[in-house]
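Quick note: the sequence shown, position 143, residue 144 per the numbering used here, numbers continuous.
The beta carbon of each residue, even a glycine, is placed where N, CA and C say it ideally should be.
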Amino acid sequence: MKKVFTRTKTYKDVPTHYCPGCGHGIAHRLVAEAIDELGIRERTIGIAPVGCAVLAYNYLDVDMIEVAHGRAPAVATGMKRTNPDNIVFSYQGDGDLAAIGTAEIIHAAHRAEHLTVIFINNAIFGMTGGQMAPTTLLGQVTATTPGGREVSSNGFPLNICELLSILPGTIYIERCALHKPGNIRKAKKAIRHAFELQIDDAPGLSLVELLSPCPTQWRITPAESLKWIEQEMMKAFPLGCFKDYKPEK
2 MKKVFTRTKT YKDVPTHYCP GCGHGIAHRL VAEAIDELGI RERTIGIAPV
52 GCAVLAYNYL DVDMIEVAHG RAPAVATGMK RTNPDNIVFS YQGDGDLAAI
102 GTAEIIHAAH RAEHLTVIFI NNAIFGMTGG QMAPTTLLGQ VTATTPGGRE
152 VSSNGFPLNI CELLSILPGT IYIERCALHK PGNIRKAKKA IRHAFELQID
202 DAPGLSLVEL LSPCPTQWRI TPAESLKWIE QEMMKAFPLG CFKDYKPEK
């Protein structure tokens with residue numbers, strides 16, 4: 002029988018701890034496939050902070066560093082500056098990157114650090130009990146917004162791609178989604194492009210945002226969570242490339 006699929010080397014063959022329907026496993030596989038296709042596994046360093054993303058080192062067979070909540074861009078900056086020939090990426094959720102780590106990601110981007118950032122947006126704090134995140138949608142029910150998020154008391158959802166794309170230190174900003182095969186293929190292409198820019202030493206920071214399902218904390222089924230991304234999340238967080246690097250001729 003002809004084998005049509007082989008697990009990529011960088012993606013470890015281990016049991017998952019993620020909830021059924023979680024998008025992190027898909028995101029891990031896309032990162033691993035991009036790393037292997039580009040032949041950079043031996044020179045790649047990943048930064049994983051607190052949150053559901055913290056155990057990325059269990060699944061990605063590259064050098065990994067676990068850091069404090071929100072501090073991944075700061076640690077990644079130090080790692081890249083002291084190891085400029087290595088490929089350094091952070092893998093962060095919305096509670097981490099867009100809440101406690103807002104200052105770190107904005108200033109790393111503004112300094113044009115040569116980093117790749119994979120940003121998982123599931124609109125909620127997943128690991129700690131389903132509290133409102135900066136990316137929680139208006140009207141969305143969470144553990145801390147039982148009546149739904151309201152502008153008057155909770156403000157608006159934070160659009161990271163739109164925010165970072167205006168900074169001169171960013172070179173590539175794209176938002177993708179993990180809810181159906183076609184968009185998953187686009188997400189892999191975006192992740193690979195972000196790594197390629199760092200390989201080519203393009204002058205700045207790249208970020209790929211991935212709209213990802215969290216059925217457990219959304220309190221819906223995995224199938225319903227995929228529909229919710231398309232019917233609700235994508236209205237607040239439209240997919241697309243917000244910025245791409247064009248080298249000077």
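Problem set entry | Among Lys228, Val118, Thr137 and His115, the one whose alpha carbon lies nearest that of Ile125 | Thr137
Exercise. Count the other CB atoms within 10 Å of the CB of Val152; is the residue buried (16 or more) or exposed (fewer)?
Worked result: exposed
Exercise. How many angstroms separate the CA atom of Arg42 from the CA atom of Trp219?
Worked result: 35 Å
Exercise. DSSP on Asn155, reduced to helix/strand/coil?
Worked result: helix
Exercise. Under a three-way DSSP split, which group does Met65 fall into?
Worked result: strand
Problem set entry | Distance between Met80 and Glu1 (C-alpha atoms, nearest Å) | Because the chain here runs from 2 to 250, residue 1 falls outside it and cannot be looked at.
For this session: Return the chain-ordered list of same chain residues with a C-beta closer than 8 Å to the C-beta of His111, the five sequence neighbours on each side being excluded.
Result: Leu168, Pro169 and Gly170
Problem set entry | Between the CA atoms of Ala109 and Ile119 - distance to the nearest angstrom | 14 Å
For this session: Consult DSSP for Cys53 and reduce its assignment to one of helix, strand or coil.
Result: helix
For this session: Counting only runs of 4+ residues fully inside the region 7-59, write out the alpha helix (DSSP H) ranges in chain order.
Result: 25-39
Exercise. Which residue's Cα is closest to the Cα of Gly22: Lys228, Arg44 and Lys244?
Worked result: Lys228
For this session: Would you check if the distance between the CB atom of Ala178 and the CB atom of Leu240 is smaller than 9 Å?
Result: yes
For this session: Pick helix, strand or coil for Lys81, following the three-state DSSP scheme.
Result: helix
Problem set entry | Complete runs of the beta strand (DSSP E) confined to the region 78-140 [at least 3 residues] | 88-94 and 117-122
Exercise. Where DSSP assigns a beta bridge to Thr171, which residues make up the other side?
Worked result: Leu206
For this session: Going by CA-CA distance only, name the one from Val55, Thr78 and Val63 that's closest to Ala69.
Result: Val55
Exercise. Can you tell me whether Lys10 is buried or exposed, with buried defined as 16 or more other CB within 10 angstroms of its CB?
Worked result: exposed
For this session: Under 6 Å Cβ to Cβ from Asp62, same chain only, skipping five residues before and after it: list those, please.
Result: Thr11 and Lys13
For this session: Between the Cα of Ala49 and those of Gly40, Thr217 and Asp95, spot the shortest distance and give me the residue it belongs to.
Result: Asp95
Problem set entry | Candidates Arg44, Cys53 and Lys3: closest to Cys20 by CA position | Cys53
Exercise. Ends of the beta strand (DSSP E) at Lys3?
Worked result: First-last for Lys3: undefined, no H or E at that position.
For this session: Between the Cα of Arg8 and those of Pro85, Ile101, Ile192 and Val32, spot the shortest distance and give me the residue it belongs to.
Result: Val32
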